[in-house]
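Colleague:
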Amino acid sequence: MRRLIDKLERDHCLKKEEWMALIAAEAEKEYLYERARAVSGQYYGNKVYTRGLIEFTNYCRNNCYYCGIRRDNADVERYRLSEEEILSCCKEGYRLGFRTFVLQGGEDAYYTDDRLIHLIRAIKKAYGDCALTLSIGEKSKESCRKFFEAGADRYLLRHETANKEHYRSLHPKELSLEKRQECLYNLKEIGFQTGCGFMVGSPGQTVECLAEDMLFITELQPQMVGIGPFVPHHKTPFASEAAGSVERTLYLIGLLRLLKPNLLLPATTALGTMDENGRERGILAGANVVMPNLSPVGVRKKYALYDNKICTGDEAAECRMCLSGRMERIGYRLVTDRGDPAENECHLAGKKENYVQRNVTESGRVHQ
Ligand code: SAM
Ligand code: FES
Numbered sequence: 021m022r023r024l025i026d027k028l029e030r031d032h033c034l035k036k037e038e039w040m041a042l043i044a045a046e047a048e049k050e051y052l053y054e055r056a057r058a059v060s061g062q063y064y065g066n067k068v069y070t071r072g073l074i075e076f077t078n079y080c081r082n083n084c085y086y087c088g089i090r091r092d093n094a095d096v097e098r099y100r101l102s103e104e105e106i107l108s109c110c111k112e113g114y115r116l117g118f119r120t121f122v123l124q125g126g127e128d129a130y131y132t133d134d135r136l137i138h139l140i141r142a143i144k145k146a147y148g149d150c151a152l153t154l155s156i157g158e159k160s161k162e163s164c165r166k167f168f169e170a171g172a173d174r175y176l177l178r179h180e181t182a183n184k185e186h187y188r189s190l191h192p193k194e195l196s197l198e199k200r201q202e203c204l205y206n207l208k209e210i211g212f213q214t215g216c217g218f219m220v221g222s223p224g225q226t227v228e229c230l231a232e233d234m235l236f237i238t239e240l241q242p243q244m245v246g247i248g249p250f251v252p253h254h255k256t257p258f259a260s261e262a263a264g265s266v267e268r269t270l271y272l273i274g275l276l277r278l279l280k281p282n283l284l285l286p287a288t289t290a291l292g293t294m295d296e297n298g299r300e301r302g303i304l305a306g307a308n309v310v311m312p313n314l315s316p317v318g319v320r321k322k323y324a325l326y327d328n329k330i331c332t333g334d335e336a337a338e339c340r341m342c343l344s345g346r347m348e349r350i351g352y353r354l355v356t357d358r359g360d361p362a363e364n365e366c367h368l369a370g371k372k373e374n375y376v377q378r379n380v381t382e383s384g385r386v387h388q
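If you count the sequence shown from 1, you need to add 20 to reach the numbering used here.
#1: Nearest CA to the CA of phenylalanine 168: which residue from Gly264, Tyr51, Arg141, His179?
#2: Can you list the beta strand (DSSP E) stretches of 3 or more residues lying completely in the stretch 203-286, in chain order?
#3: How about arginine 178 and phenylalanine 212: are their beta carbons less than 9 Å apart?
#4: Does the distance between the C-beta of asparagine 183 and the nearest non-hydrogen atom of ligand 2 fall short of 8 Å?
#5: Any residue with its C-beta under 6 Å from a non-hydrogen atom of ligand 2 counts. Can you list them all in chain order?
#6: Relative to the C-alpha of leucine 204, which residue among Ser222, Met244, Val220 is closest?
#7: Around the Cβ of alanine 262, are there at least 16 other Cβ atoms within 10 angstroms (buried) or fewer (exposed)?
#8: Do you know whose CA, among Pro312, Leu139, Met40, Asn93, lies nearest histidine 389's CA?
#9: Do cysteine 33 and isoleucine 74 have their beta-carbon atoms positioned less than 9 Å apart in this structure?
#10: How far does the alpha helix (DSSP H) with lysine 67 in it reach, from first residue to last?
#11: By Cβ distance, which residues of its chain are closer than 6 Å to cysteine 84, with the 5 residues on each side in sequence left out?
#12: Using 9 Å as the threshold, is the C-beta distance between phenylalanine 250 and tyrosine 86 below it?
#13: Check whether the Cβ atoms of arginine 346 and arginine 277 sit closer than 9 Å, and answer yes or no.
#14: Can you confirm whether the stretch 153-168 touches the stretch 42-60 when touching is taken to mean that 3 or more C-beta pairs between the two stretches lie within less than 8 Å?
#15: If you check the beta carbons only, do arginine 100 and aspartate 128 fall under 9 Å apart?
#16: What's the C-alpha gap between serine 265 and glycine 292?
#17: Quick check on DSSP: helix, strand or coil for valine 96?
#18: Between which two residues does the alpha helix (DSSP H) carrying threonine 293 extend?
#19: Does isoleucine 89 come out as helix, strand or coil in the three-state DSSP assignment?
#20: Answer yes or no: the CB of threonine 214 versus the heavy atoms of ligand 1, is any distance below 8 Å?
#21: Any idea if alanine 45 is buried or exposed, counting beta-carbon neighbours within 10 angstroms, 16 or more meaning buried?
#22: Let me confirm a value: alanine 231 is counted as buried when at least 16 other C-beta atoms fall within 10 Å, else exposed. Which label applies?
#23: Would the stretch 345-361 and the stretch 65-72 be scored as touching if the rule is three or more Cβ pairs under 8 Å?
#24: Does the beta-carbon of methionine 311, which I'm using as the reference point, lie nearer than 8 Å to any heavy atom of ligand 1?
#25: Could you name the residues of the same chain whose beta carbon sits closer than 7 Å to that of asparagine 364, not counting the 5 residues immediately before and after it, in chain order?
#26: Considering only the beta carbon of each residue, do leucine 139 and tyrosine 131 sit closer than 9 Å?
#27: So with Cβ pairs under 9 Å, would you call proline 281 a contact of chain C?
#28: Quick one: residues in its chain with C-beta nearer than 7 Å to the C-beta of leucine 136, no 5 flanking neighbours on either side, listed in chain order?
#29: Closest to cysteine 229 by C-alpha separation, out of Cys216, Thr256, Thr181, Arg301, would be which residue?
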């Protein structure tokens, strides 16, 4: 397995059978994490980037089987923040030093393109030195282009799984993997710094599915990848399914760091929910981003994607302080600058862009 880890670090690309062997074995963990930390250190030193997360609406027209705020969950007390409330979250975030805001929400029809464009412009006007990330689900290419032109810089849209049958089993029939992936390619083409990702241990996920996720990520070459364990929510069709494994999530974080050295890779709240020290362990496995909650304290519990979600009671400032203490204790430094991937040149002279894949054709397709 060490040979495959070394190969991944050298070539930034593996064949499907190699991915499957490595993921199934989950072997040589310490070696993998040591290499992942070394690579992350070359690009980012001991910096951990922070993104202020604003969960601005829990209305959603979708009915994903895993998600606590799905349309059919009648127990959810629905809320949406007004533009003013969102701007006041940004104001508090800015005061605390955040220079990236992530607007995340369900697919809420109230937030039309015009309202979103107005909001994006207002945030960028007030905080022109900040990066703005959208995580608002699937939108048409035209809408995404307008959001980009209004000033949004980044877009997070987890692909959820790259396996068609698995995608089918996680979503109702009106959603499709094809459409999800098309959105991701559109976002990249428009010029967004783009993030995809998936839950680890979602019901029905096999080692083969995970290998396909890795191949999709190799092909898409996103700037960010968000992964975290699946955590069941008691009011969803997956209420009695087992949660995803923390160990496997950490292993995949390590592999992703070697796959794409300058990736922005968060240690997610779901990881912190499944393990008290999950976010620290994520950083030590190769992650380099944390996303403290900047949503108003009064709505945090209402954005329950899964049970027992952490950080739903803190003050924004406490959340930030808690995370910075946690990072310092493991020898890392929470930084608030925008942390654009393009700005992050390898600390080792001459190594910049050395990681460009060798096995990718000009069209971007991966040899398998
Ligand atoms: N509506 C937007 C979208 O679809 O991208 C953003 C919000 S959605 C709730 C954000 C992410 O939460 C999803 O992409 C999914 O991976 C994750 N998520 C949802 N339910 C989850 C669960 N039960 N456990 C872990 N992660 C979950
Ligand atoms: Fe829409 Fe989860 S089903 S955000």
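We treat Cβ as the ideally placed atom computed from N, Cα and C, and that holds for glycine.
Modeller: Taking the definition as stated:
#1: By 1-based counting over the sequence shown, the position of residue 168 is 148. For the set Gly264, Tyr51, Arg141, His179, the Cα lying nearest the Cα of phenylalanine 168 is the one of Arg141.
#2: DSSP assignment within the stretch 203-286 yields the following whole beta strand (DSSP E) runs of 3 residues or more, N-terminal first: 213-220, 244-249.
#3: One-based indexing of the sequence shown puts residue 178 at position 158. One-based indexing of the sequence shown puts residue 212 at position 192. Not in contact: arginine 178 and phenylalanine 212 (Cβ atoms no closer than 9 Å).
#4: Position 163 of the sequence shown holds residue 183. Taking 8 Å as the cut-off, the C-beta of asparagine 183 does not count as close to any heavy atom of ligand 2.
#5: Selection output, chain order preserved: Cys80, Asn82, Cys84, Cys87, Ile89, Arg90, Gly126, Glu127.
#6: Taking the first residue of the sequence shown as position 1, residue 204 is located at position 184. Nearest C-alpha to leucine 204: Met244.
#7: Taking the sequence shown and counting its residues from 1, one reaches residue 262 at position 242. Counting the other CB atoms within 10 Å of its CB gives alanine 262 a total below 16, which places it among the exposed residues.
#8: Because residue 389 is not part of the residues shown, which for the chain are 21 to 388, the question remains open.
#9: If you number the sequence shown from 1, residue 74 lands on position 54. If you number the sequence shown from 1, residue 33 lands on position 13. A distance of 9 Å or more separates the beta carbons of isoleucine 74 and cysteine 33.
#10: Residue 67 sits at position 47 when you count from the first residue of the sequence shown. Looking at the DSSP string, lysine 67 is not in any alpha helix (DSSP H); the run it does join, the beta strand (DSSP E), is 67-70.
#11: By one-based count along the sequence shown, residue 84 stands at place 64. So the qualifying residues of the chain are Arg90, His191.
#12: In the sequence shown, residue 250 corresponds to position 230, counting from 1. In the sequence shown, residue 86 corresponds to position 66, counting from 1. Cβ atoms of phenylalanine 250 and tyrosine 86: closer than 9 Å.
#13: Within the sequence shown, numbered from 1, the residue matching residue 346 stands at position 326. Within the sequence shown, numbered from 1, the residue matching residue 277 stands at position 257. Cβ distance not < 9 Å, so arginine 346 and arginine 277 don't count as in contact.
#14: Not touching, per the Cβ criterion.
#15: Against the sequence shown, residue 100 aligns to sequence position 80. Against the sequence shown, residue 128 aligns to sequence position 108. Yes, these two residues count as a Cβ contact at 9 Å.
#16: Counting from 1 along the sequence shown, the entry for residue 265 is found at position 245. Counting from 1 along the sequence shown, the entry for residue 292 is found at position 272. Across the structure, serine 265 and glycine 292 are spaced so that their CA atoms are roughly 12 Å apart.
#17: By one-based count along the sequence shown, residue 96 stands at place 76. In the three-state DSSP reduction, valine 96 falls in the coil class, being neither helix nor strand.
#18: Residue numbering aside, residue 293 sits at position 273 when the sequence shown is read from its first letter. Looking at the DSSP string, the run of the alpha helix (DSSP H) that includes threonine 293 is 289-294.
#19: As a position in the sequence shown, residue 89 is number 69, starting the count at 1. Here isoleucine 89 sits in coil by DSSP.
#20: In the sequence shown, the residue the question calls residue 214 occupies position 194. Taking the Cβ of threonine 214 as the reference point, every heavy atom of ligand 1 lies at 8 Å or farther away.
#21: Taking the sequence shown and counting its residues from 1, one reaches residue 45 at position 25. By the Cβ neighbour-count rule, alanine 45 is exposed, with fewer than 16 other Cβ atoms within 10 Å of its own.
#22: Taking the sequence shown and counting its residues from 1, one reaches residue 231 at position 211. Buried is the call here.
#23: With the cut-off at 8 Å, the stretch 345-361 and the stretch 65-72 touch.
#24: For the purposes of this step, residue 311 is taken as residue 291 along the sequence shown, with counting starting at 1. No, ligand 1 has no heavy atom inside 8 Å of this Cβ.
#25: Within the sequence shown, numbered from 1, the residue matching residue 364 stands at position 344. Caution applies to asparagine 364, whose pLDDT of 45 falls short of 50 and renders its modelled position unreliable; the value that the coordinates give is listed next. Within the same chain, and ignoring the five residues on either side of asparagine 364 in sequence, the residues whose Cβ sits closer than 7 Å to its Cβ are Tyr63, Tyr64, Asn282.
#26: Within the sequence shown, residue 139 is the residue found at index 119, counting from 1. Within the sequence shown, residue 131 is the residue found at index 111, counting from 1. In contact: leucine 139 and tyrosine 131 (Cβ atoms closer than 9 Å).
#27: Reference to chain C is not applicable here, since this structure consists of a single protein chain.
#28: The count along the sequence shown starts at 1 and reaches residue 136 at position 116. Taking leucine 136 as the centre and dropping the five residues before and after it, the same chain places the C-beta of Phe167 closer than 7 Å to its C-beta, in chain order.
#29: The residue you call residue 229 lines up with position 209 of the sequence shown. Closest by alpha carbon: Thr181.
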